[in-house]
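Heads up: the sequence shown runs through residues 855 to 1143, numbered per my numbering.
Worksheet: one structure, shown below.
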Amino acid sequence: MCEWCKKHGAGGKWYLNARNYTDDLAREIGAEEYLTVLWQNFERVYVQRHFGMSATGLKRKLELPLIGRFLRWFMEYKIHKEKHLNPRDGDGHFGQVIPIEEAQLLLNMAGQNEGGIARVKCVCRKMNRNIDEYNCLAFGVLAEVATRIPRYIPESGVIKLDVDQAFDFVKEMNSRGRVHTVWFEPVPFIGGLCACDYPSCTGLRMRRDFDVSVVSKAEYVCMVDYDACVGCKTCIARCQFGALNFSDSMGKAHINPARCFGCGLCRDVCPEGAIRLVPRQDIPGLQGE
């Protein structure tokens, strides 16, 4: 169980705690004010200077012996803050990968808020690739805030979804190979569910390329049942994390558990049912990632 589950999970996973989706919690922590400033300035979060430091050449800076360690610590300190948040910097906004079955569970909770569920533009795809795609699901207060900012809604108008429609959309994204990620906005309020892909998603890119914990791995690891695997290679292209390859010597798919994010995308297309999700906490050395 991760640090955030212990703090905000009420004995379970943080994103399956119904309180974290409620309007009462959003009002208690001032989520509307935070989200208004954050989403009005989202495109600037990763390109603006912080204490005089630019994000330009980030990889090189992170590789420097002393400066790199300090910079990574400082970035994660800001991202994971729970008090005295500066929404212009994205303080308190971070997430976790989840498999599709847990996406369905959290949608049932998110759909109970006054603001409901709305499809909004993905800031990452717009900022990184200049693509207008409405593949982020905003919940409750965020659904209200984001749909008041014109650039986040399509010209045809706000797209509001009920729980069944939202899950149909999630299944569509799953079929297209998108990774499901759930987000604190700000911690502990859960504001949205995104359909991410690397390298368009800033969170996935920060984690995969720079090992900065904007996004945590899922609470699971994918494992191959070698007796059931027939070596069809259907799953290979689904992995965005370099964890899955084909072993010529075995004639089977092989997953490196240390690189697996537990999204389940490979499992979801296996025609033989040869890939399963195993709780990360059951595998020594992989807990808390």
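Built from N, CA and C at the ideal position, the CB exists for glycine as well.
Note that the structure is predicted; figures quoted are calculated from it, not measured.
- Going by beta carbons, N984 and A1049 fall outside the 8 Å limit.
- In this chain, the alpha helix (DSSP H) harbouring Y888 covers 885 to 894.
- Exclusion of the five residues before and after P941 leaves Y888, V891, L892 as the residues of its chain whose Cβ lies within less than 7 Å of its Cβ.
- Residue state for P1133 is assigned as strand, using DSSP reduced to three classes.
- Looking at the DSSP output, G949 shares a beta bridge with W1037, V1069.
- According to the DSSP secondary-structure assignment, M1027 is paired through a beta bridge with no residue.
- Between A1097 and C1114, the CB-CB gap stays under 8 Å.
- Between the region 1008 to 1017 and the region 1104 to 1112, the count of C-beta pairs closer than 8 Å stays below three; the two stretches do not touch.
- In the structure shown, R1121 adopts helical secondary structure according to DSSP, grouped into three states.
- The beta carbon of G1118 lies closer than 6 Å to those of P953, L1131 in the same chain, with the five residues before and after it left out.
- By the 16-neighbour rule on beta-carbons within 10 angstroms, V1084 is exposed.
- In this structure, the CA atom of G884 is about 28 Å from the CA atom of V1024.
- Excluding sequence positions up to five before and after G1046, its CB lies within less than 7 Å of the CB of C990, L991, A992, F993, L996, W1037, E1039, all in the same chain and listed in chain order.
- It is roughly 31 Å from the alpha-carbon of G1116 to the alpha-carbon of I921.
- Between the region 1066 to 1074 and the region 1000 to 1012, the count of C-beta pairs closer than 8 Å stays below three; the two stretches do not touch.
- In this structure, the beta-carbon distance from A880 to M963 does not fall below 8 Å.
- Separation of I1090 and S1054 (C-alpha to C-alpha, rounded to the nearest whole angstrom) is 20 Å.
- C-alpha of D1051 to C-alpha of P1138: approximately 28 Å in a straight line.
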